[in-house]
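Report on the following structure.
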Amino acid sequence: MNKVDLSKYDNSWYNHGPLYRRLLWLLFGRIFINTYFPIPTKFKIIVLRVFGAKMGENIMIKPKVNIKYPWLLEVGDNTWIGEQVWIDNLDFVKVGTNVCLSQGVMLLTGNHDYKSRKFDLMVGKITLEDGVWIGAKSLVAPGVICHEHSVLGAASLLSKSLPSNEIWSGNPAIFLRNRIIE
1 MNKVDLSKYD NSWYNHGPLY RRLLWLLFGR IFINTYFPIP TKFKIIVLRV FGAKMGENIM
61 IKPKVNIKYP WLLEVGDNTW IGEQVWIDNL DFVKVGTNVC LSQGVMLLTG NHDYKSRKFD
121 LMVGKITLED GVWIGAKSLV APGVICHEHS VLGAASLLSK SLPSNEIWSG NPAIFLRNRI
181 IE
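Numbering (this note's numbering) for the sequence shown: 1 to 182.
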C-alpha cells in the first residue's frame with residue numbers, strides 16, 4: 001500500500017517572488033492591511049499598489065484582510081472586501097467591479113494532490129467577474145470562475161465555476177435559483 005511521504009514534498013518549481021519583497025510584505029501587510037487598527041482604505045490601497053496590486057477606484061477594505069501576495073492581485077472599481085477576508089493567492093486572483101467579498105471569505109488558489117505520495121502543490125487562478133457576491137465565511141477553491149452577477153451563499157464551498165446570474169449555496173455549493181436584479 002502506498003502512503004504519503006511528506007519528506008519528499010518539493011515545491012521548488014513554484015516562484016514566490018523575491019525574498020526581500022516577501023519579507024517587506026510580511027511586515028507592511030501585517031502593519032497596514034491585516035490589522036484591526038483603523039487604517040483608512042485609501043492608505044491601504046496605496047500600500048497594496050506599492051507592492052504590485054492593481055487596484056481600482058472606490059474600493060472598501062475592512063480590517064484584518066489577509067493577502068498572501070499583492071503582486072498577484074487585481075481588484076476592480078466599487079468593490080468591497082469584508083472583515084477577515086483571506087486572499088491566499090499563490091496564483092493570480094482577479095476581482096471585477098462591484099464585487100462584494102463578505103466577512104471571512106477565503107479565496108484559496110493553492111491545494112495539494114491527494115493522490116500523490118509527495119502531496120504535490122497545485123495552483124489555479126480565481127476570477128470573480130463584475131457584480132459577483134461571495135457570502136460570509138464561504139470558500140472559493142483554485143481554478144474557479146464566478147461569472148457576472150453570480151452569488152455564492154454564506155458558509156458555502158465552491159469548487160467549480162458559477163454561471164452568470166445564478167445563486168448557489170451549500171457544501172458543496174449547488175444551484176438554488178436565478179438571480180434577478182431589479
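In this text, a Cβ means the ideal position worked out from N, Cα and C, and glycines have one as well.
For residue i, which residues of its own chain have a beta-carbon under 7 Å away from its beta-carbon, when the five flanking residues on both sides are left out?
i   : result
T41 : I59, M60, I61
K68 : I87, D88, N89, L90
V4  : R117, F119
K44 : F32, I33, I61
Taking 8 Å as the cut-off, is the CB of residue i close to at least one heavy atom of the ligand FMN?
i   : result
F92 : The ligand content of the structure shown is nil, which means the ligand FMN is not present either.
Please list the terminal residues of the continuous beta strand (DSSP E) segment that includes residue i.
i    : result
R117 : Careful: R117 lies outside any beta strand (DSSP E) and carries neither H nor E.
R177 : 173-178
E74  : 73-75
N239 : Given a span of 1 to 182 for the chain in the structure shown, any question on residue 239 remains unanswerable.
Tell me which residues share the same chain as residue i and place their Cβ nearer than 8 Å to its Cβ, disregarding the 5 neighbours each side in the sequence.
i    : result
R179 : H149, S150, V151, N165, E166, I167
R22  : H16, Y69
N2   : R117
P38  : P63
In this structure, does DSSP put residue i in helix, strand or coil?
i    : result
G29  : helix
K125 : coil
L90  : coil
K54  : strand
S169 : strand
Would you give the residue range spanned by the alpha helix (DSSP H) that residue i belongs to?
i   : result
K44 : 41-50
Find the nearest neighbour of residue i within the set the options, judged by alpha-carbon distance.
i    : options               : result
I174 : I145, L162, I181      : L162
V47  : F28, H147, L6         : F28
I181 : I145, G131, N171      : G131
N15  : M122, A53, P63        : M122
L72  : V85, G17, I81, W13    : G17
F92  : A155, G135, G52, D113 : G52
D10  : A154, D113, I33       : D113
G76  : K54, V65, N66         : K54
I33  : Y20, W13, V85, L6     : V85
W133 : C100, F43, K94        : C100
Identify, in the order they occur along the chain, each residue of the same chain with its Cβ nearer than 6 Å to the Cβ of residue i, setting aside the five sequence neighbours on each side.
i    : result
N78  : N58, T97, N98
K8   : K118
L139 : M106, L157
P63  : Y36, E83
R177 : I167
N111 : M122, P142
E74  : K54, K94
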